[in-house]
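Enquirer:
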Amino acid sequence: MSDKEKKQPGYDLFHIMGRLYKAAFTECPVRMLLYSLVLFANGVVQIVVTYGTELFFNSVSLGARERAVSPAIFFSFLFLMAAILTSHILNGCDNYLGTSVHVVLIGKFEKRMHKKAVKLDPVLFEDTEFLDHVNKAFQGSGVSGCTFVLEAFMVVMFSQVPYMILMSIYLYTLKPVLSICIFLVFVPIVICQYIRIHAFSELEDETVPYRREYAYYQECVTGREYFKETRMLGAYRYFSRLIRETIEKINGRAWKCYGKMAWLEILMRFITLLGYVGVLLLLVYYVINGSISVGAFAAVFSSVAVMFDMIESAVGQQLGGAFEKMSMVINYMKFLDMEEMQGEEATVDYSKGIRLENVSFSYKGSEGMAVKNVSLTIRNGETTAIVGENGAGKSTLVKLLIGLYRPAQGEVRIGQVNTKNTKMQSYQRKISGVFQNYQKYKMTLEDNVIISAFNEQKTDKVNRILEEVDIDVDGEDYPKGMDTVLSTEFGGTDISGGQWQRVAIARGMYREHEVIVLDEPTASIDPMEEYALYNEFRAMAKDKTAILVTHRMGSCKIADRIVVMDAGQIVEEGTHEELMDRNGKYREMYVAQAQWYH
1 MSDKEKKQPG YDLFHIMGRL YKAAFTECPV RMLLYSLVLF ANGVVQIVVT YGTELFFNSV
61 SLGARERAVS PAIFFSFLFL MAAILTSHIL NGCDNYLGTS VHVVLIGKFE KRMHKKAVKL
121 DPVLFEDTEF LDHVNKAFQG SGVSGCTFVL EAFMVVMFSQ VPYMILMSIY LYTLKPVLSI
181 CIFLVFVPIV ICQYIRIHAF SELEDETVPY RREYAYYQEC VTGREYFKET RMLGAYRYFS
241 RLIRETIEKI NGRAWKCYGK MAWLEILMRF ITLLGYVGVL LLLVYYVING SISVGAFAAV
301 FSSVAVMFDM IESAVGQQLG GAFEKMSMVI NYMKFLDMEE MQGEEATVDY SKGIRLENVS
361 FSYKGSEGMA VKNVSLTIRN GETTAIVGEN GAGKSTLVKL LIGLYRPAQG EVRIGQVNTK
421 NTKMQSYQRK ISGVFQNYQK YKMTLEDNVI ISAFNEQKTD KVNRILEEVD IDVDGEDYPK
481 GMDTVLSTEF GGTDISGGQW QRVAIARGMY REHEVIVLDE PTASIDPMEE YALYNEFRAM
541 AKDKTAILVT HRMGSCKIAD RIVVMDAGQI VEEGTHEELM DRNGKYREMY VAQAQWYH
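Going by full-length UniProt numbering, the first residue of the sequence shown is number 1, and it counts up by one from there.
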């Protein structure tokens with residue numbers, strides 16, 4: 001079956017509500033069942049209150065005519081009070097269960113997003129269009145939107161709709177025209193609110209790229225990584241202008257959308273007012289001509305305000321707010337429906353090394369190939385250095401070697417398995433790495449190291465690895481030892497760039513591995529420090545398959561073999577001595593860099 005023939009998930013109102021309710025019921029079935037029952041009971045008991053009001057006023061009216069206090073007055077009063085008390089109890093249960101369900105589902109729905117993210121093809125995160133989808137789902141309040149919409153529709157469908165149906169039946173038994181008035185008010189308002197879905201969906205699609213720009217410009221002004229340079233260069237006014245222009249773009253589109261919605265709101269309230277006045281006039285007319293009793297008049301009169309408040313709440317607040325957030329929910333659903341990386345489970349024999357056969361790869365939106373027709377074998381236990389100028393394709397090649405990216409053409413085999421048809425978790429179980437843009441987690445030193453295998457925490461192993469990367473846990477840089485938080489933002493301490501690189505390498509080494517990659521993690525430190533770190537790394541990676549990526553030629557000497565890349569292709573391969581003797585690209589780069597140190 002082709003992709004086009006596959007049934008696409010629906011994103012209409014009923015499909016979305018069905019999926020949300022099913023997902024919520026799966027995550028917390030007991031709470032959802034209780035919440036649904038309480039909402040329904042709360043809607044039904046309102047009709048009981050209305051009926052009790054009619055009984056009470058009829059009995060009082062009869063007693064007034066007979067000038068006697070009958071038992072009917074007493075029993076109808078008790079019935080009415082019991083109904084009102086039950087209503088208040090159910091309201092309390094409603095609020096408690098609603099809050100409980102909301103808190104639980106926020107965590108559960110976020111967990112679903114996180115699980116989905118790790119199943120997507122990593123190369124997607126290089127695509128700006130995909131990043132817009134991610135922003136819509138994560139930053140666009142997709143999760144909170146889901147819980148809000150779910151709760152709103154549950155209140156409407158399980159409580160307010162049953163109440164309105166029962167109230168319409170009650171009114172119909174009095175006078176059919178009264179129930180017709182309710183539907184004439186309710187239906188047009190629902191149609192108006194349904195229009196909001198499309199309006200706010202378009203607004204979300206139009207503004208998400210600008211939101212990403214706005215967040216980035218804000219970070220450039222206030223972020224710790226940017227503010228020093230921003231202030232030193234006097235670039236605040238420049239970013240302030242960009243922020244202002246971005247806000248104007250967002251607000252311009254928002255004002256246009258909200259303006260249309262305001263007119264719809266006015267129309268809705270006008271229709272509601274007409275219905276309210278119409279019902280009251282009819283009630284007065286019917287009680288005067290004797291068509292309904294005084295008790296029925298009192299019951300309906302006291303319930304009309306409640307009923308129209310409920311209609312306004314259901315349509316204006318619950319459904320209105322839900323439709324406004326529906327675009328966020330759709331974005332959340334679309335993210336969960338994105339195609340995942342496919343493949344079968346496999347057992348990988350890392351001793352067979354890694355082999356590339358005629359591999360090519362290109363990024364979406366790029367005209368040329370980042371890697372072109374590359375064939376390469378990384379032998380087990382070998383330390384291989386990949387070098388080349390910026391843009392030569394080194395990092396892309398490494399991501400192909402470890403199966404992070406899948407080739408557009410050719411085959412990548414890790415052990416004996418083909419990465420194209422094998423689950424990533426299978427072949428990456430014993431692959432570790434430290435990349436150029438490694439993360440500086442604002443957590444304790446120990447947590448920074450064990451993050452990839454926190455369930456297998458071994459203090460002795462952590463201490464040994466920290467010692468091997470030359471981190472003095474008892475030194476001044478770490479006043480609380482391994483419990484030192486590596487950020488002043490959370491009451492800890494800041495460490496140098498060199499120390500952070502050692503922490504990153506320790507993190508990569510702590511993960512159980514047969515293959516480990518260092519993709520220019522030392523690019524921001526001096527060559528001598530880099531050389532020392534690479535020597536420590538080689539000693540730690542003994543008997544492991546190691547891949548080094550660097551543009552500094554001096555560090556390549558520690559490798560068993562050097563692969564030279566240029567314009568996405570391998571142009572040379574050999575040991576340092578062999579490549580120097582060839583007078584090729586490697587020697588040219590080595591000599592050029594050596595001049596800087598003379």
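All residues carry an ideal CB built from backbone N, CA and C; glycine is no exception.
In this text, all values refer to a predicted model and were calculated from it rather than measured experimentally.
Using the three-state DSSP reduction, which class does Q425 fall into: helix, strand or coil?
Expert: Locating residue 425 in the sequence shown gives position 425, counting from the first residue. Q425 falls in the helix class under three-state DSSP.
Enquirer: Evaluate contact between the segment 499-507 and the segment 442-453, counting only Cβ atoms and requiring at least three cross-stretch pairs below 8 Å.
Expert: Touching, per the Cβ criterion.
Enquirer: With H, G and I counted as helix, E and B as strand and the rest as coil, what does DSSP make of I547?
Expert: Translated into the one-based positions of the sequence shown, residue 547 becomes position 547. Strand at I547.
Enquirer: Check K542 in the structure and name its three-state DSSP category.
Expert: To locate residue 542, count along the sequence shown from 1; it is residue 542. Note: K542 maps to coil in three-state DSSP.
Enquirer: Using a Cβ-Cβ cut-off of 6 Å (strictly less than) and excluding sequence neighbours within five positions of R561, which residues of its own chain qualify?
Expert: Locating residue 561 in the sequence shown gives position 561, counting from the first residue. T384.
Enquirer: Exposed or buried, H114, counting other C-beta atoms within 10 Å across all chains shown (16 or more means buried)?
Expert: Counting from one through the sequence shown, the residue named residue 114 turns up at place 114. Result: exposed.
Enquirer: Using the rule of at least 16 other Cβ atoms within 10 Å of the residue's Cβ for burial, across every protein chain shown, is G497 buried or exposed?
Expert: The count along the sequence shown starts at 1 and reaches residue 497 at position 497. That one is exposed.
Enquirer: Let's test the definition: count the other Cβ atoms within 10 Å of the Cβ of K4 and tell me whether it reaches 16, buried, or not, exposed.
Expert: Locating residue 4 in the sequence shown gives position 4, counting from the first residue. Because K4 carries a pLDDT of 41, less than 50, the predicted location of this residue cannot be relied on, and the following value inherits that uncertainty. K4 should be labelled exposed.
Enquirer: Classify I495 as helix, strand or coil using the three-state DSSP reduction.
Expert: Numbered from 1 along the sequence shown, position 495 holds the residue referred to as residue 495. In this structure, I495 counts as coil in the three-state DSSP scheme.
Enquirer: Our contact map puts N380 next to T545 with C-beta atoms below 8 Å; I'd like the distance itself, whole angstroms only.
Expert: On the sequence shown, position 380 is the one that residue 380 refers to. On the sequence shown, position 545 is the one that residue 545 refers to. 6 Å between Cβ atoms; contact.
Enquirer: Taking K249 as part of the alpha helix (DSSP H), name the residues at either end of that continuous run.
Expert: As a position in the sequence shown, residue 249 is number 249, starting the count at 1. Here the alpha helix (DSSP H) through K249 covers Y236 to I288.
Enquirer: Given 8 Å as the limit, is there contact between the segment 424-435 and the segment 125-132, that is, 3 or more CB pairs closer than that?
Expert: No, the segment 424-435 does not touch the segment 125-132.
Enquirer: State the DSSP-derived secondary structure class of L120, mapped to helix, strand or coil.
Expert: Looking up residue 120 in the sequence shown gives position 120. Reduced to three states, the DSSP call for L120 is coil.
Enquirer: Suppose the cutoff is 7 Å on Cβ atoms and the five residues either side in sequence are ignored; what does the same chain contact list for R19 look like?
Expert: Along the sequence shown, read from residue 1 onward, the residue named residue 19 stands at position 19. Once the five neighbours on either side are set aside, the close Cβ partners of R19 are M333.
Enquirer: Near I471, which residues of its chain fall below 6 Å by C-beta distance, leaving aside the five closest residues on each side in sequence?
Expert: Within the sequence shown, numbered from 1, the residue matching residue 471 stands at position 471. Correct list, in chain order: R502.
Enquirer: Using a threshold of 8 Å, state whether the C-beta atoms of L85 and G52 are closer than that.
Expert: Mapped onto the sequence shown, residue 85 falls at position 85. Mapped onto the sequence shown, residue 52 falls at position 52. Going by C-beta atoms, L85 is not nearer than 8 Å to G52.
Enquirer: Considering only their Cβ atoms, is the gap separating V473 from I402 smaller than 8 Å?
Expert: The count along the sequence shown starts at 1 and reaches residue 402 at position 402. The count along the sequence shown starts at 1 and reaches residue 473 at position 473. Not closer than 8 Å, so no.
Enquirer: Can you give me the C-alpha to C-alpha distance between G554 and K423, rounded to a whole angstrom?
Expert: Position 554 of the sequence shown, counted from the start, is the residue given in the question as residue 554. Position 423 of the sequence shown, counted from the start, is the residue given in the question as residue 423. Distance between the alpha carbons of G554 and K423: 37 Å.
Enquirer: Quick check on E151: buried or exposed, where buried means 16 or more other Cβ atoms within 10 Å of its Cβ?
Expert: Counting from 1 along the sequence shown, the entry for residue 151 is found at position 151. Buried: at least 16 other Cβ atoms inside 10 Å.
Enquirer: Which whole-angstrom value describes the C-beta separation of P162 and F40, a residue pair presumed to lie in contact below a C-beta threshold of 8 Å?
Expert: Reading the sequence shown from its first residue, position 162 is the one you call residue 162. Reading the sequence shown from its first residue, position 40 is the one you call residue 40. About 6 Å separates the two Cβ atoms, so the contact holds.
Enquirer: For a quick check, are the C-beta atoms of F166 and I47 less than 8 Å apart?
Expert: Numbered from 1 along the sequence shown, position 166 holds the residue referred to as residue 166. Numbered from 1 along the sequence shown, position 47 holds the residue referred to as residue 47. As written in the sequence, residue 166 is Leu, which differs from the Phe given in the question. In contact: L166 and I47 (Cβ atoms closer than 8 Å).
Enquirer: Between D121, G393, F130 and C192, which lies nearest to I570 when the distance is taken from Cα to Cα?
Expert: On the sequence shown, position 570 is the one that residue 570 refers to. Among D121, G393, F130 and C192, the Cα nearest to that of I570 belongs to G393.
Enquirer: Between which two residues does the alpha helix (DSSP H) containing E344 stretch?
Expert: To locate residue 344, count along the sequence shown from 1; it is residue 344. Looking at the DSSP string, E344 is not in any alpha helix (DSSP H), and its letter there is neither H nor E.
Enquirer: Of all the options V359, Y216 and L579, which has the alpha carbon lying nearest to the alpha carbon of V387?
Expert: Numbered from 1 along the sequence shown, position 387 holds the residue referred to as residue 387. Of the candidates V359, Y216 and L579, the one whose C-alpha sits nearest the C-alpha of V387 is L579.
Enquirer: Tell me whether S360 sits in a helix, a strand or coil according to DSSP, three-state version.
Expert: Within the sequence shown, the letter at position 360 stands for residue 360. Correct three-state label for S360: strand.
Enquirer: Suppose the cutoff is 6 Å on Cβ atoms and the five residues either side in sequence are ignored; what does the same chain contact list for N42 look like?
Expert: In the sequence shown, the residue the question calls residue 42 occupies position 42. Once the five neighbours on either side are set aside, the close Cβ partners of N42 are L90, D94 and S159.
Enquirer: Nearest to T347 by alpha carbon, out of Y586, L283, F335 and I414?
Expert: The residue given as residue 347 occupies position 347 in the sequence shown. Comparing Cα-Cα distances from T347 to each of Y586, L283, F335 and I414, the minimum goes to I414.
Enquirer: Could you have a look at S293 and say whether DSSP puts it in helix, strand or coil?
Expert: Here residue 293 corresponds to residue number 293 of the sequence shown, with the count starting at 1. In the structure shown, S293 sits in coil (DSSP, three-state: anything other than H, G, I, E or B).
Enquirer: On the DSSP bridge assignment, give the partners of M565 in chain order.
Expert: Looking up residue 565 in the sequence shown gives position 565. Beta-bridge pairing links M565 to G388 and I570.
Enquirer: Report the rounded CA-to-CA distance for A305 versus F77, giving the unit in angstroms.
Expert: As a first step, residue 305 is located in the sequence shown; it is residue number 305 there, counting from the start. As a first step, residue 77 is located in the sequence shown; it is residue number 77 there, counting from the start. Cα to Cα, A305 sits roughly 21 Å from F77.
Enquirer: Which residue's Cα is closest to the Cα of Y21: C146, D543, D494 and G475?
Expert: Here the question's residue 21 lines up with position 21 in the sequence shown. Out of C146, D543, D494 and G475, C146 has the C-alpha closest to the C-alpha of Y21.
Enquirer: Looking only at its chain, what residues have a beta carbon closer than 6 Å to the beta carbon of S452, apart from the 5 residues adjacent to it on each side?
Expert: Within the sequence shown, numbered from 1, the residue matching residue 452 stands at position 452. Correct list, in chain order: R511.
Enquirer: Output the distance between the C-alpha atoms of E339 and F109, rounded to the nearest integer angstrom.
Expert: The residue you call residue 339 lines up with position 339 of the sequence shown. The residue you call residue 109 lines up with position 109 of the sequence shown. Straight-line Cα distance between these residues: approximately 18 Å.
Enquirer: Could you tell me if H513 is buried or exposed, where buried requires 16 or more neighbouring beta carbons within 10 angstroms of its beta carbon?
Expert: Here residue 513 refers to the residue found at position 513 of the sequence shown. H513 comes out buried.
Enquirer: Quick one: does the C-beta of V374 sit closer than 7 Å to a heavy atom of the ligand NAP?
Expert: No copy of the ligand NAP occurs in the structure displayed, which carries no ligand at all.
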